[in-house]
Every structure is written in structure tokens, then in C-alpha cells.
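Input: a single structure, listed below in C-alpha cells.
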Amino acid sequence: MAEKSESKTLLSEKVRKSVRCSGPRLKECLLRSVPLLSWLPRYPIRENALGDMISGISVGIMQLPQGMAYALLASVPPVFGLYSSFYPVLIYFIFGTSKHISIGTFAVISVMIGGVTERLAPDSDFMIWDNVTNSSNVDIISRDAERVRVATAVTFLAGIFQILLGLVKFGFVVTYLSEPLVRGYTTGAAIHVIVSQLKYTFGISPVRYSGPLSLIYTVLEMCYLIPETNIGTLVVSIVTIISLILTKELNAYLSKKIPVPIPVELLAVIIGTVVSWQVNLGEKYGVDVVGIIPSGFQPPVFPEVSLFGQVIGDAFALSVVGYGIAISLGRIFALKYGYKVDSNQELIALGLSNSFGGIFQCFAISCSMSRSMVQESTGGKTQVAGALSAIVILFIVLWIGALFEDLPKAVLAAIIYVNLHGMMKQFLDIPVLWKKNKVDAAIWVATFILTVLLNPDIGLAASIGFAMLTVIFRTQLPTYSLLGQIPGTDIYRPLEDYNQVRQVPGILVFRSSATLYFANAEMYQDAVGKKNKKQTNSIDSASSKNFKRLNPLFQTLFQTLITDSTFPQITCDKHCSNLLFSFCLKTLLPQPFSLLLLRHCLFGINGKTNCGKMEKTDDKRWGGRD
Numbered sequence: 001m002a003e004k005s006e007s008k009t010l011l012s013e014k015v016r017k018s019v020r021c022s023g024p025r026l027k028e029c030l031l032r033s034v035p036l037l038s039w040l041p042r043y044p045i046r047e048n049a050l051g052d053m054i055s056g057i058s059v060g061i062m063q064l065p066q067g068m069a070y071a072l073l074a075s076v077p078p079v080f081g082l083y084s085s086f087y088p089v090l091i092y093f094i095f096g097t098s099k100h101i102s103i104g105t106f107a108v109i110s111v112m113i114g115g116v117t118e119r120l121a122p123d124s125d126f127m128i129w130d131n132v133t134n135s136s137n138v139d140i141i142s143r144d145a146e147r148v149r150v151a152t153a154v155t156f157l158a159g160i161f162q163i164l165l166g167l168v169k170f171g172f173v174v175t176y177l178s179e180p181l182v183r184g185y186t187t188g189a190a191i192h193v194i195v196s197q198l199k200y201t202f203g204i205s206p207v208r209y210s211g212p213l214s215l216i217y218t219v220l221e222m223c224y225l226i227p228e229t230n231i232g233t234l235v236v237s238i239v240t241i242i243s244l245i246l247t248k249e250l251n252a253y254l255s256k257k258i259p260v261p262i263p264v265e266l267l268a269v270i271i272g273t274v275v276s277w278q279v280n281l282g283e284k285y286g287v288d289v290v291g292i293i294p295s296g297f298q299p300p301v302f303p304e305v306s307l308f309g310q311v312i313g314d315a316f317a318l319s320v321v322g323y324g325i326a327i328s329l330g331r332i333f334a335l336k337y338g339y340k341v342d343s344n345q346e347l348i349a350l351g352l353s354n355s356f357g358g359i360f361q362c363f364a365i366s367c368s369m370s371r372s373m374v375q376e377s378t379g380g381k382t383q384v385a386g387a388l389s390a391i392v393i394l395f396i397v398l399w400i401g402a403l404f405e406d407l408p409k410a411v412l413a414a415i416i417y418v419n420l421h422g423m424m425k426q427f428l429d430i431p432v433l434w435k436k437n438k439v440d441a442a443i444w445v446a447t448f449i450l451t452v453l454l455n456p457d458i459g460l461a462a463s464i465g466f467a468m469l470t471v472i473f474r475t476q477l478p479t480y481s482l483l484g485q486i487p488g489t490d491i492y493r494p495l496e497d498y499n500q501v502r503q504v505p506g507i508l509v510f511r512s513s514a515t516l517y518f519a520n521a522e523m524y525q526d527a528v529g530k531k532n533k534k535q536t537n538s539i540d541s542a543s544s545k546n547f548k549r550l551n552p553l554f555q556t557l558f559q560t561l562i563t564d565s566t567f568p569q570i571t572c573d574k575h576c577s578n579l580l581f582s583f584c585l586k587t588l589l590p591q592p593f594s595l596l597l598l599r600h601c602l603f604g605i606n607g608k609t610n611c612g613k614m615e616k617t618d619d620k621r622w623g624g625r626d
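Position 330 of the sequence shown, counting from 1, maps to 330 under UniProt numbering, and the rest follow consecutively.
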């Protein structure tokens with residue numbers, strides 16, 4: 001009774017501490033929730049200001065063409081891409097923790113939104129009869145207005161999901177999106193992006209399909225419409241693509257000679273606009289142009305709640321994919337420059353960016369790899385660079401946006417194609433993964449195929465399901481091997497694969513590719529017996545002579561693993577991060593079964609182990625060294 005009373009007291013004390021409000025605690029909570037307050041007062045102006053300014057202007061210039069181009073992917077007017085490059089960037093500047101990622105429009109996210117907007121607001125719902133031409137045409141103004149409402153609704157809801165996931169500390173969920181899955185998914189989504197822009201490249205108007213296999217139907221429809229290609233549009237596309245590729249190659253060649261890369265996309269937009277205006281491509285040659293770009297920003301409007309039920313699944317997929325891409329790139333930069341990115345705070349920051357953005361007529365955002373690389377390479381060191389890029393967009397929207405009304409959409413499509421070259425290079429992952437890990441290669445290929453065939457939203461769910469199945473496959477069909485020592489080193493390699501390794505006298509080093517737990521314990525014991533050239537019977541047979549010879553603790557280990565899924569496991573850190581022990585290895589398997597439960601340990605066997613912590617010894621049987 002005394003113990004129960006004491007435990008209740010400790011629990012109540014912890015609860016009181018967690019809800020207690022004090023000055024220092026309130027300050028700590030505020031600084032953690034609004035990171036800007038912790039780093040901006042200590043901002044080193046002399047060291048960072050110039051680099052952040054150059055970087056911010058460079059990224060802002062990139063935001064202009066990319067924002068307009070990715071708005072086409074989302075099937076909304078191009079000016080809304082500029083809005084999405086302003087409001088969310090400022091919100092992330094206040095709440096984000098990554099110093100180098102460039103928040104804003106992103107191709108994969110945009111094409112996912114485009115799938116939602118065109119599904120809920122298809123052209124067929126806005127057909128009107130034209131008495132002059134005696135034909136039906138699309139009411140573009142009404143259609144675009146409805147698509148903006150759909151885009152803002154799904155964006156707002158995605159932001160709410162991200163905020164809720166961040167508040168319940170669900171940032172770890174990204175660990176279940178493995179690198180092969182993410183790269184296979186983004187490559188598959190890139191195929192959708194390319195197909196969605198072909199209509200602007202050829203100047204044709206295919207029927208929009210939705211649902212599984214829609215990409216196949218769209219490609220077949222475009223093949224049927226190829227004879228109707230607008231030659232003027234095709235010429236603009238080819239010239240722009242070739243020019244962008246050549247200039248980007250020139251940028252790569254001059255990267256060490258010039259401090260700031262040539263703004264090839266901005267030049268393409270300016271030249272394309274000037275040529276279109278001078279030649280009158282829109283009226284003379286039927287080239288589709290951007291059209292009216294209103295100056296200033298739209299007033300805030302709360303998204304239509306009635307649409308939430310129709311987009312809830314798409315919103316959740318957007319929240320997970322957008323966060324996964326941003327945190328993955330953020331961690332790369334954090335590791336490179338030695339700072340920490342708070343995964344849960346990143347969820348909240350992205351959620352606030354999307355939810356506020358949805359109110360201010362923006363569509364969902366994430367981070368762009370190309371812009372982030374430019375932000376880093378041009379000297380950006382803090383989130384100030386992102387805020388300055390937003391100021392560049394503010395200037396464009398307020399004063400010079402209308403100058404781009406004659407910009408051909410084919411130029412924007414060409415910018416998208418060239419920016420996807422990095423994702424297309426991800427096909428080179430397949431042979432590398434096949435050599436390293438065939439299961440990871442299967443995840444990449446399956447994710448790509450599922451995403452292409454089932455669309456990005458359904459494809460993501462199916463890909464995660466497939467990846468989960470591979471976890472079962474890995475644990476139920478592991479590879480087992482005996483390790484030997486390379487003479488004169490602390491390196492151990494499989495005896496079957498290397499002729500130079502030698503078995504440690506009196507020691508059997510056994511490795512499994514899967515963690516030992518109740519579901520594979522029996523297979524594990526069978527493998528140990530076979531590798532040790534001993535016949536072992538089923539663990540369920542308590543009368544086995546060989547099993548009786550085992551240490552009682554070893555018997556308990558396997559019996560518990562078979563019958564109890566809650567058996568405590570201790571996973572050791574650092575180099576032996578995948579070692580698994582029951583309690584202490586030195587008492588687990590004495591002679592004649594001198595075994596080490598060793599899984600991918602990079603340590604040499606330097607001695608006895610105490611729950612995974614190596615202790616040096618002079619015992620030469622263990623390969624010990626002074």
C-alpha cells in the first residue's frame with residue numbers, strides 16, 4: 001500500500017510540474033514555439049547579412065518563374081503561385097527551424113493539388129454555349145474561381161493536419177518513409193508532372209482523366225491529338241528547353257568563377273514575355289499566354305468548410321508528403337552545418353504556413369531542392385534569406401506583375417521540365433540499390449509503378465503498405481552467416497563470401513540480417529544449429545537433448561520470444577546500434593555454445609560485453625588487444 005501511495009504521489013507531482021505556469025517556464029515555451037525570438041536577437045549582422053541578402057534576392061528571382069509555373073500544375077491561375085511564394089515563406093521565417101531550405105511552391109505538391117482541383121472542378125462542369133460560334137466553350141473565369149476554392153480548402157486542411165501532428169509529437173512518422181520510398185515516389189510524381197504539362201508544350205486540349213490509370217488514358221488521348229499540335233507553341237517550347245539546358249550547363253561550368261549563378265529561368269521569362277509581346281504570339285499564332293495578372297493581393301477568405309469532406313484524404317496525403325520532403329532536406333543541411341532541426345516544430349511551422357496560406361488564397365507548399373541549393377550556394381546562412389525572397393515577390397506582385405501577362409505558358413512548362421532533371425536522375429538509384437539491397441530496390445520500383453498507375457494520392461498509401469510488407473519479409477526471411485576475422489584487423493566478414501577471413505578459435509560468430517524477436521525466434525535457433533553443424537529440434541520440444549544442454553537463461557530467452565511479444569529488448573547505441581541482447585551477453589551463451597548475437601556490428605570483438613558496451617581484455621580467444 002505504501003508503494004502504491006508513493007507512486008501516486010510521484011505521478012501527481014509530475015502532472016503538477018507539467019501544468020505549472022511560471023515566468024521561466026513561459027519564456028521557455030514561447031522561445032520553443034516561436035524560434036524567431038531565440039535566434040533573431042543574436043543575429044550576427046556582419047557575418048551573415050551580406051550572404052543572406054544576396055541569397056534572398058537570388059531565390060526571390062527564382063520564385064517568380066517557378067511560382068507561376070507550379071501554379072499551372074495546381075490548375076490555378078499563375079498569380080496564385082506568387083501568393084504561395086509570399087505568405088507561407090513569411091510564416092515559416094517566424095516558426096521554422098531550418099536555416100537553409102527554401103519554402104514555397106514545389107512540383108510534386110502542386111501536381112497533387114492539381115489532381116484534386118481538376119477532379120472536383122472539371123471543365124465539363126463549366127461549359128457554356130457561344131451563340132456567335134455555335135459551339136460550347138469553357139467558362140474559364142468561373143472554373144478558375146472554383147478551382148482556387150478547392151485548392152485553398154485542401155491547403156488549409158493539410159495545414160491543420162500538420163499542426164495537430166506536430167502538437168502530439170508525431171514528427172517521427174517521417175522515419176517510416178524510407179529513402180527508397182521517397183525517391184521512388186517523387187520520381188513517379190515527376191512523370192505525372194511531365195504528362196500534365198504536355199498540353200502546354202504541344203498546344204492541345206486533351207480530356208482530363210482522374211482516378212487509377214488516368215495517366216495512361218491521358219497519354220493515349222494526347223497521342224490521338226498530336227496532329228492538332230500548334231506549331232508556334234511547339235517551337236517556343238523547344239527553343240526554351242534547349243536554351244535552359246545550355247545555360248544551366250554553362251552555370252555548372254562557371255560555378256567556381258562567378259559568385260551568383262545566371263538567373264536562367266528569369267531570363268527565359270523576360271525574353272519569352274518580350275518576344276510574345278512584340279510578335280503578338282497569342283493572337284497571330286494562337287500561343288496560349290498567361291493572361292490577366294491582377295496587381296496586389298487577394299483579401300483573406302476562410303476556405304469553404306463544405307469542401308472539407310471531399311478533400312480530407314488528399315489533405316492528409318499532402319501533409320505527410322510535404323513534411324517528408326521538407327524535413328529530409330532540412331536534416332541534410334542541419335547535418336552539414338552542425339545545427340539541429342526540430343522535427344515536431346517543423347510540422348507546426350509548415351502547418352501554420354499552409355493554414356494561413358489557405359486563408360490568403362495560397363495553395364500547399366513544401367521546400368524546393370533547386371531553390372534550397374541556390375540559397376545555400378549563394379551564401380544564405382539563416383532564415384533571413386527566405387524573408388528577403390518574400391520581399392522580392394512582394395515587389396513583383398504590387399508593381400510589375402502585370403508585365404508578364406503576355407508570357408507563353410509553354411515557357412513555364414519548359415521551366416518545369418528542366419527543373420525535373422534532378423528527379424529523373426533518380427532512376428540511377430535502381431542499379432545501385434539492386435547491388436546493395438534488393439528489398440530496397442523492390443520498394444523503389446514498386447513505389448514508382450504504384451504512383452504512376454494509381455496517381456500520387458492513392459499511390460502513396462499503396463506504397464507505404466508495400467513497404468510495411470517488406471518489413472515482415474525481412475524478419476521472416478533473413479540471411480544468416482558466420483563471421484570470421486581478417487587476420488591482423490578487427491574487421492569481421494562472412495566466411496562464405498571471403499577467402500581471407502579466419503574463424504576465431506573457440507568462438508562462433510553468428511550474424512542475422514533481422515532483429516531477433518518472438519516471430520522469428522524458432523527460425524533463428526534452427527539457423528544457429530545448422531551453421532554450428534548441429535541438429536536441433538523444435539524449441540517447443542522441451543525434451544531436446546541439445547536444448548537441455550543450453551544455459552537456462554538461453555532457454556528462457558527463446559521460450560519467451562516464442563510466447564511473449566512484449567519480451568524486453570535492449571538495443572545498443574553508436575557503432576553497435578543494431579546489437580540485440582536479452583540481458584548481458586557474457587552470461588547468455590557459455591560453452592559449448594560460445595555464440596555472439598551479432599547483427600551488422602562495425603566494432604571488432606574486443607572483449608566481453610556488458611549489455612553492448614565493449615570491455616577490453618587480454619583473452620586472445622576473443623581477439624583481444626592491449
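Think of the CB as a built atom: it goes at the ideal place given N, C-alpha and C, for glycine as much as any other residue. Predicted model only: the values in this text are computed from it and were never measured.
Exposed or buried, residue i, counting other C-beta atoms within 10 Å across all chains shown (16 or more means buried)?
i, result
"leucine 469", "exposed"
"threonine 186", "buried"
"proline 65", "buried"
"leucine 37", "exposed"
"arginine 147", "buried"
"tyrosine 339", "exposed"
"glycine 488", "exposed"
"glutamate 265", "buried"
"serine 102", "buried"
"glutamate 283", "exposed"
"tryptophan 444", "buried"
"phenylalanine 581", "Confidence in phenylalanine 581 is poor, its pLDDT being 37 and thus under 50, which makes the residue's placement unreliable; the coordinate value appears in the next sentence. It counts as buried."
"aspartate 490", "exposed"
"leucine 253", "A small correction: the amino acid at residue 253 is tyrosine; leucine does not occupy that position in the sequence shown. Exposed: under 16 other Cβ atoms inside 10 Å."
"proline 261", "buried"
"tyrosine 337", "exposed"
"isoleucine 45", "exposed"
"phenylalanine 202", "buried"
"threonine 479", "exposed"
Mapping the DSSP letters down to three states, classify residue i as helix, strand or coil.
i, result
"cysteine 223", "helix"
"proline 65", "helix"
"isoleucine 91", "helix"
"proline 41", "helix"
"isoleucine 103", "strand"
"glycine 296", "coil"
"phenylalanine 581", "For phenylalanine 581, the predicted structure reports a pLDDT of 37, less than 50, and the residue's modelled location is therefore unreliable. The matter cannot be settled from this model."
"residue 667", "Because residue 667 is not part of the residues shown, which for the chain are 1 to 626, the question remains open."
"valine 289", "strand"
"serine 368", "strand"
"phenylalanine 603", "The predicted position of phenylalanine 603 is uncertain, since its pLDDT is 38 and thus under 50; a value taken from the coordinates is nonetheless stated next. Coil."
Which residues bound the beta strand (DSSP E) around residue i?
i, result
"tyrosine 339", "From DSSP, tyrosine 339 is part of no beta strand (DSSP E); its letter is neither H nor E."
"glycine 272", "Per DSSP, glycine 272 belongs to no beta strand (DSSP E); it is in the alpha helix (DSSP H), 264-279."
"glutamine 485", "480-485"
"tyrosine 492", "492-494"
Tell me where the alpha helix (DSSP H) around residue i begins and ends.
i, result
"valine 509", "Unbroken run through valine 509 is the beta strand (DSSP E), 508-512; no alpha helix (DSSP H)."
"serine 355", "343-359"
"glutamine 525", "521-531"
"methionine 252", "Checking the sequence, you will find alanine at residue 252 rather than methionine. Element bounds for alanine 252: 231-253."
"valine 79", "79-83"
Closer than 7 Å: is that where the CB of residue i sits relative to any heavy atom of the ligand COA?
i, result
"proline 206", "Ligands displayed in this structure: none; no statement on the ligand COA is therefore possible."
**OP:** Inspect the CB distances between the segment 321-337 and the segment 390-405 and report whether three or more fall short of 8 Å.
**Re:** In this structure the segment 321-337 does not lie against the segment 390-405, because fewer than three pairs of beta carbons, one per stretch, are closer than 8 Å.
Subject >> Length-filtered (4 minimum) alpha helix (DSSP H) runs lying within the segment 391-453 >> reply: Counting only runs of 4 or more, we get 409-419, 421-424, 429-436.
**OP:** Ignoring anything shorter than 4 residues or poking outside the segment 125-213, list the alpha helix (DSSP H) runs there in chain order.
**Re:** Listed in chain order, the complete alpha helix (DSSP H) runs (minimum 4 residues) inside the segment 125-213 are 140-167, 179-202.
Subject >> Given 8 Å, three or more beta-carbon pairs between the segment 299-310 and the segment 59-73 >> reply: With a cut-off of 8 Å, the segment 59-73 and the segment 299-310 do not count as touching, because too few Cβ pairs lie within range.
**OP:** Examine the Cβ distances between the segment 227-242 and the segment 108-127 and report whether three or more of them are shorter than 8 Å.
**Re:** In the pairwise beta carbon analysis, the segment 227-242 is classified as not touching the segment 108-127: fewer than three pairs are separated by under 8 Å.
**OP:** Assess, as a yes-or-no matter, whether the segment 272-289 is touched by the segment 128-137 under the definition of 3 or more beta carbon pairs within less than 8 Å.
**Re:** With a cut-off of 8 Å, the segment 272-289 and the segment 128-137 do not count as touching, because too few Cβ pairs lie within range.
Original post:
Are at least three pairs of beta-carbons, each pair with one atom in the segment 379-390 and one in the segment 119-127, less than 8 Å apart?
Top reply: Taking a contact to require three or more Cβ pairs closer than 8 Å, the segment 379-390 and the segment 119-127 do not qualify as touching.
Original post:
How do the segment 35-54 and the segment 238-251 stand: do at least 3 beta-carbon pairs fall below 8 Å, yes or no?
Top reply: By the C-beta criterion, the segment 35-54 is judged not to be in contact with the segment 238-251, since fewer than 3 inter-stretch pairs fall below 8 Å.
**OP:** Count the CB pairs spanning the segment 397-416 and the segment 271-279 that are closer than 8 Å, and state whether there are at least three.
**Re:** The segment 397-416 vs the segment 271-279: in contact.
Subject >> At least 3 beta-carbon pairs within less than 8 Å: the segment 290-298 vs the segment 242-258 >> reply: The count of Cβ pairs closer than 8 Å, one atom from the segment 290-298 and one from the segment 242-258, stays below three, leaving the stretches out of contact.
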